[in-house]
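Structure first, commentary second.
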Amino acid sequence: MHRRQTDDYDVLADAAIDDEAQNDGDGGNDADEEPEVSAVILTEPTHYNVTLGDSVRLECKVSPADGTVVQWTKNGTMYFFGTMKTQDQHATSYTQNQLISIPANSTDLLIKNVTIADSDTYKCEVLQTNRVTVEHTLNIQEKPKIIKFSASNNGEVVEGSNLMLTCVVGGSPPPQIIWSRDTGNGNERLQEKDGEFSINSLHIKNVKASDAGKYYCYAFNGVGNKQAEITVVVKSKPHVHVPKAIINSAVNVEAVLQCSVHDAAPAHIRWYKDGSLIEDTSSQFTVSTNGHHSNLTVTPTSDQDFGTFTCEADNDLGKHNRSIELVQEPVVEGLDVDGPKLTWTIHSHQPLEQIELQLRQMSAEGQWKTINVPLPDIRTHEYEIIYPLSEQDLEPGKYEATVKVKNEKSWSKHTPPAFVDIEAQPQLIQHASEAQPQLIQHASVYRGNSGNSIRPTILSAISTTLMYLLVRML
Numbered sequence: 001m002h003r004r005q006t007d008d009y010d011v012l013a014d015a016a017i018d019d020e021a022q023n024d025g026d027g028g029n030d031a032d033e034e035p036e037v038s039a040v041i042l043t044e045p046t047h048y049n050v051t052l053g054d055s056v057r058l059e060c061k062v063s064p065a066d067g068t069v070v071q072w073t074k075n076g077t078m079y080f081f082g083t084m085k086t087q088d089q090h091a092t093s094y095t096q097n098q099l100i101s102i103p104a105n106s107t108d109l110l111i112k113n114v115t116i117a118d119s120d121t122y123k124c125e126v127l128q129t130n131r132v133t134v135e136h137t138l139n140i141q142e143k144p145k146i147i148k149f150s151a152s153n154n155g156e157v158v159e160g161s162n163l164m165l166t167c168v169v170g171g172s173p174p175p176q177i178i179w180s181r182d183t184g185n186g187n188e189r190l191q192e193k194d195g196e197f198s199i200n201s202l203h204i205k206n207v208k209a210s211d212a213g214k215y216y217c218y219a220f221n222g223v224g225n226k227q228a229e230i231t232v233v234v235k236s237k238p239h240v241h242v243p244k245a246i247i248n249s250a251v252n253v254e255a256v257l258q259c260s261v262h263d264a265a266p267a268h269i270r271w272y273k274d275g276s277l278i279e280d281t282s283s284q285f286t287v288s289t290n291g292h293h294s295n296l297t298v299t300p301t302s303d304q305d306f307g308t309f310t311c312e313a314d315n316d317l318g319k320h321n322r323s324i325e326l327v328q329e330p331v332v333e334g335l336d337v338d339g340p341k342l343t344w345t346i347h348s349h350q351p352l353e354q355i356e357l358q359l360r361q362m363s364a365e366g367q368w369k370t371i372n373v374p375l376p377d378i379r380t381h382e383y384e385i386i387y388p389l390s391e392q393d394l395e396p397g398k399y400e401a402t403v404k405v406k407n408e409k410s411w412s413k414h415t416p417p418a419f420v421d422i423e424a425q426p427q428l429i430q431h432a433s434e435a436q437p438q439l440i441q442h443a444s445v446y447r448g449n450s451g452n453s454i455r456p457t458i459l460s461a462i463s464t465t466l467m468y469l470l471v472r473m474l
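Position 196 of the sequence shown, counted from 1, bears residue number 196 in the UniProt record's numbering, the numbering being contiguous throughout.
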């Protein structure tokens with residue numbers, strides 16, 4: 001078909017030459033012919049931006065239109081001579097659904113279902129002695145597409161190794177890429193501190209467990225956008241966590257020791273007592289493991305059943321352990337402040353014998369002052385103590401405070417210190433018989449390693465030096 005159209009074009013051209021020769025043979029009476037009317041192109045050169053798959057009509061409006069013949073070329077290759085096609089529309093660069101045509105009663109060029117290959121320069125030329133042309137530029141725009149989004153080792157990396165994320169994108173104009181990750185609080189854009197960026201890749205060195213999660217490649221180019229995600233798993237040696245490092249119990253009182261394992265790789269959990277492996281068949285101990293959590297149930301029958309119990313987890317990358325002390329002495333925890341009061345919790349299945357609150361002034365290497373806190377009247381195994389400081393306890397100044405407790409077995413360890421600030425503040429109090437200023441003390445108490453003190457309201461005048469103790473049985 002292509003060859004036949006070309007041959008037709010040659011025949012027409014030869015016929016035109018023969019007619020011209022015959023007219024010359026008649027004497028060449030050019031004076032009797034009407035002068036040629038030159039056509040003009042009314043269309044201005046235009047830059048067309050068209051989205052992939054759409055249609056576009058390249059305009060070439062001429063005047064006068066009657067009898068005017070135009071030809072369309074693409075980058076120097078002729079497409080149409082008048083309305084006659086000079087290129088096969090179904091060549092390898094085109095699909096069956098694409099059509100290039102001259103619309104009826106026009107000299108425009110219509111391209112349907114445009115492809116990236118159609119991006120080029122198109123020229124419309126009027127075929128006459130004084131030829132005139134107009135050139136259009138066609139730019140095919142394509143929404144971004146993510147061709148491939150991959151991670152090294154399919155996204156499974158070992159802690160301490162390097163991670164490479166690669167996002168291959170396409171589109172016209174070429175898309176830009178934004179990298180982000182799911183932090184648990186939303187999608188957060190990655191910064192230079194998070195890794196090394198190249199054109200289409202992200203390199204994270206010395207991967208940490210916290211680098212695990214979903215990563216996103218977001219491509220955009222002004223025509224559209226596209227996003228893809230990939231999940232990164234960081235394999236690491238186990239990290240064992242125990243909620244309590246010391247637990248009080250008593251003979252014939254069941255105690256449950258707990259541990260959990262944080263890792264991305266399967267781990268095997270074992271329990272030890274004083275360095276010896278506790279076998280699964282042991283009748284004295286019961287091990288219950290569910291996934292990353294493991295409990296060891298112990299019911300001591302003698303003093304020898306107390307001691308150090310260790311939870312150990314291991315996988316292909318290493319091992320880790322944490323120990324729990326099972327003891328009979330009291331366990332004191334949570335020494336805290338609440339305005340002018342100190343609070344702490346005592347765990348003891350054995351009867352309490354003594355509670356000591358010890359304070360030492362911090363301005364100098366002073367001596368410890370011991371306050372014997374009254375024992376609770378009711379026996380239980382967990383006590384919440386609330387002890388208010390009064391102006392009778394301490395002189396103004398800053399103090400370090402700690403607590404230790406004794407039961408029928410032994411003394412507990414000292415608690416980590418809290419820090420107490422006792423301030424003296426002058427305040428005028430009017431009496432009926434005299435008007436003399438008196439000092440009323442108030443206390444502010446704050447935790448150790450804290451930059452803020454908790455300052456209570458001024459204490460009411462205390463008529464007695466009695467102190468009180470609140471015990472909440474749990």
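Note that CB positions come from ideal geometry on N, CA and C, so glycine has one too.
Item: For the segment 298-314 and the segment 375-383, state whether three or more C-beta atom pairs, one from each stretch, are separated by less than 8 Å.; Value: no
Item: DSSP three-state label for Gln304, please.; Value: helix
Item: What does the Cβ neighbour count give for Gly213, buried or exposed, with the cut at 16 atoms within 10 Å?; Value: exposed
Item: Is the separation between the beta-carbon of Pro238 and that of Asn290 shorter than 9 Å?; Value: no
Item: Let's test the definition: count the other Cβ atoms within 10 Å of the Cβ of Ala104 and tell me whether it reaches 16, buried, or not, exposed.; Value: exposed
Item: Is the separation between the beta-carbon of Val256 and that of Trp271 shorter than 9 Å?; Value: no
Item: Which residue or residues does DSSP assign as beta-bridge partners of Gly397?; Value: Ile422
Item: Could you check whether the segment 336-352 touches the segment 316-324, counting it as contact only if at least three pairs of C-beta atoms, one from each stretch, sit closer than 8 Å?; Value: no
Item: Could you pull out every residue in the same chain whose Cβ sits closer than 6 Å to the Cβ of Glu333, ignoring the five residues on either side in sequence?; Value: Thr345
Item: Out of curiosity, what's the CA-to-CA distance linking Gln361 and Trp368?; Value: 8 Å
Item: Straight-line CA distance for Val240 to His292?; Value: 9 Å
Item: Counting C-beta neighbours from all protein chains within 10 Å, is the total for Pro243 16 or more, i.e. buried, or is it exposed?; Value: exposed
Item: Which residues in the same chain have their Cβ closer than 6 Å to the Cβ of His262, if we skip the five residues on either side of it in sequence?; Value: His239
Item: Under the three-state reduction of DSSP, which class applies to Glu192: helix, strand or coil?; Value: helix
Item: Per DSSP, what kind of secondary structure is Met209 in: helix, strand or coil?; Value: At residue 209 the sequence reads Ala, which differs from the Met that was named. Helix at Ala209.
Item: Is it buried or exposed for Gln71, if we count other Cβ within 10 angstroms and need 16 for buried?; Value: buried
Item: Between the Cα of Val337 and those of Phe419, Lys404, His268, spot the shortest distance and give me the residue it belongs to.; Value: Phe419
Item: Whole-angstrom Cβ separation of Ala151 and Ile230, contact assumed at under 8 Å?; Value: 5 Å
Item: What residue from Thr415, Glu353, Val405 has the CA that sits closest to Leu335's CA?; Value: Thr415
Item: Provide the residue(s) that pair with Gln367 in DSSP beta bridges, ordered along the chain.; Value: Partner(s): none; Gln367 has no beta bridge.
Item: Would you kindly work out how many angstroms separate the C-alpha atoms of Lys196 and Val233, rounded to a whole number?; Value: For clarity, residue 196 is Glu in the given sequence; the question names Lys instead. Roughly 19 Å separates the two Cα atoms.
Item: In terms of residues, what are the limits of the beta strand (DSSP E) holding residue 476?; Value: No information on residue 476 is available, as it lies outside the stretch 1 to 474 that the chain covers here.
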